[in-house]
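K.L.:
In my numbering, the protein residues as written are 1 to 187.
Can you keep this structure in mind? I'll have questions shortly.
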């Protein structure tokens with residue numbers, strides 16, 4: 001589900017493009033949103049159930065729309081178990097920081113959306129507390145979304161029970177969206 005809100009005192013229109021994780025455009029529509037209102041797009045109808053993808057949202061007026069992706073997980077009886085939301089972000093060129101924490105069997109994935117029409121190259125550096133910093137050059141295909149466990153990117157360095165900052169430095173001049181997502185495993 002994608003929720004898009006209009007922050008203006010008048011109607012506004014937004015262009016919405018829905019892509020698969022591989023960058024295939026599945027939907028390209030324009031929607032009108034009334035003043036201080038929001039719309040909901042059921043992306044499962046576009047992507048299919050249990051499929052991932054991303055939305056590129058362009059409002060007619062700059063700085064006039066807020067967006068978030070909402071995920072609902074239902075149990076066997078059809079009851080809502082969990083719901084969580086990811087706030088929409090503007091692709092950026094700058095170096096950015098996040099964090100990771102692998103205590104108590106937590107895992108962190110690096111999630112990247114390269115909405116540009118060109119491939120991207122970046123340097124990912126982690127600073128595990130009590131250890132030397134480690135970096136890897138990473139690349140992201142054009143128009144694709146990827147999610148990779150940090151422990152998979154840094155196989156030769158144990159991240160068990162480590163935590164610290166994660167820095168993504170840009171090696172190319174393309175705008176991307178990125179962040180880390182925490183997953184806690186319960187036995």
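Where a beta carbon is used, it is the ideal one built from N, C-alpha and C, also for glycine.
Keep in mind that this is a model prediction, so the values were computed, not measured.
Using a Cβ-Cβ cutoff of less than 6 Å, which residues in the same chain neighbour residue 84 once the five nearest sequence positions on both sides are dropped?
P.N.:
Counting only Cβ-Cβ distances below 6 Å, and skipping sequence neighbours, we find 71.
K.L.:
Please check the pair residue 126 and residue 150, which I expect to be a contact at CB under 8 Å, by giving their CB distance rounded to whole angstroms.
P.N.:
Confirmed, about 7 Å.
K.L.:
Go ahead and label residue 109 buried or exposed: buried means 16 or more other beta carbons lie within 10 angstroms of its beta carbon, across all protein chains shown.
P.N.:
Looking at its Cβ environment, which holds 16 or more other Cβ atoms inside 10 Å, residue 109 is buried.
K.L.:
Is it true that the stretch 137 to 144 meets the stretch 109 to 119, where meeting means three or more beta-carbon pairs spaced less than 8 Å apart?
P.N.:
Result yes; three or more Cβ-Cβ pairs closer than 8 Å.
K.L.:
Where does residue 148 land, buried or exposed, given buried means 16+ other C-beta within 10 angstroms?
P.N.:
When all chains shown are included, residue 148 counts as exposed.
K.L.:
Could you check the C-alpha separation between residue 28 and residue 67 for me, to the nearest Å?
P.N.:
Roughly 16 Å between the two C-alpha positions.
K.L.:
Take residue 65 as the anchor and find which of 7, 40, 47, 77 has the nearest alpha-carbon.
P.N.:
The option with the nearest alpha carbon to residue 65 is 7.
K.L.:
Span of the alpha helix (DSSP H) holding residue 28?
P.N.:
No alpha helix (DSSP H) contains residue 28, which is instead part of the beta strand (DSSP E) from 25 to 33.
K.L.:
According to DSSP, simplified to helix, strand and coil, what is residue 46?
P.N.:
Here residue 46 sits in helix by DSSP.
K.L.:
Run through DSSP, which three-state label would residue 122 get?
P.N.:
Looking at residue 122 - three-state DSSP - the assignment turns out to be strand.
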